[in-house]
Structures are given as C-alpha cells and as structure tokens.
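Numbers 1 to 130, taken from UniProt numbering, label the letters of the sequence shown in order.
Positions of the beta carbon are idealized from the N, C-alpha and C atoms, including for glycine.
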Amino acid sequence: MSTDMKFLVVDDFSTMRRIVRGLLKEIGYNNCDEAEDGVEALSMLKVAKYDFVVSDINMPNMTGFELLKAIKEDPNLKHLPVLMVTAEARKEDIVLAAQSGAAGYIVKPFTKATLEEKVLKIMQKLAAAA
C-alpha cells in the first residue's frame, strides 16, 4: 500500500479537517490538503493531482453530494475514490452516496481504526479493479 498517496479532506469545520488529517497521519498518510467546501475542493482537484477525497456531506456553497457528482462527471477526476463523511447515518444518504459513485461512507464521530479500515477497503477494491 502506497503511503505517498495525496488526500484532499473537505469539511466546512476546520476542527474536523484537522481531526481527519491527524488520523490519516497516524495511519501513515502524510500528504494531505484541506478544502473548506466543495467549490474550493473542486478547483483544487482541477489544478493538482490527488489520489483520494474524504468529504463531508453537509457543507455550505456546495454539498458533499454536489462535489461527488461534479467529480464523477469530470473525465479527469471520475476515477477518484470519494469517502463520504456525515454526522447522520440516514438511510437515504447512504443509498444516494452509493448511487452517486461514492467509494464509501463513514459516520462521525469515527475512530482511527474505522477510517483506516474504510480507506484500506477502498484501496483494495480499486487495486482489484485496475
């Protein structure tokens, strides 16, 4: 598993971004950028190369679902795995995330173990599909 993967963490709360970033670092992923909403994330994704997106669902300006849709509609970005993060485990959100092409779904608050397991699972799926 490559630890030089570049992550983009998208959340409108800086504290949450810092937590996710800290957990990724503990897992061994040190290459991490942050965006405070989907609009910022999308512009960053268009200019730099990322390997993995961890995005909150409820954000101002552009929600996680809108960001996911934009990523999946862009031929240059659609291969990117997007892990959705939310505070509420609503069934319709989980279904929508899956239908929209999210690689996975995680509910706040989550532990390092949960995040690591999700990221690993997604990476294994991608490796198998490649």
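> Would you say residue 58 touches the ligand HEM, meaning its beta carbon is less than 7 Å from a heavy atom?
Replying inline: Questions concerning the ligand HEM fall outside what the structure shown contains, since it holds no ligand whatsoever.
>> Quick check for students: name the residue ranges of the beta strand (DSSP E) that lie wholly in the UniProt domain "Response regulatory" (6 to 123), counting only runs of 3 or more.
In response: 7 to 10, 32 to 35, 52 to 56, 82 to 86, 104 to 107
> Do residue 98 and residue 82 have their CB atoms nearer than 8 Å?
Replying inline: no
>> Could you tell me the alpha carbon to alpha carbon distance between residue 52 and residue 88, rounded to whole angstroms?
In response: 22 Å
> Nearest-angstrom Cα distance between residue 22 and residue 116?
Replying inline: 12 Å
> What residues in its chain sit with their C-beta under 8 Å from that of residue 95, if we drop five residues either side in the sequence?
Replying inline: So no residue of the chain qualifies.
> If residue 37 sits next to residue 16, beta carbons under 8 Å apart, how far is it from one beta carbon to the other, in whole angstroms?
Replying inline: At roughly 12 Å, the Cβ-Cβ gap does not stay under 8 Å, so residue 37 and residue 16 are not in contact.
> Between the beta-carbon of residue 122 and the beta-carbon of residue 93, is there less than 8 Å?
Replying inline: no
> Any idea if residue 35 is buried or exposed, counting beta-carbon neighbours within 10 angstroms, 16 or more meaning buried?
Replying inline: buried
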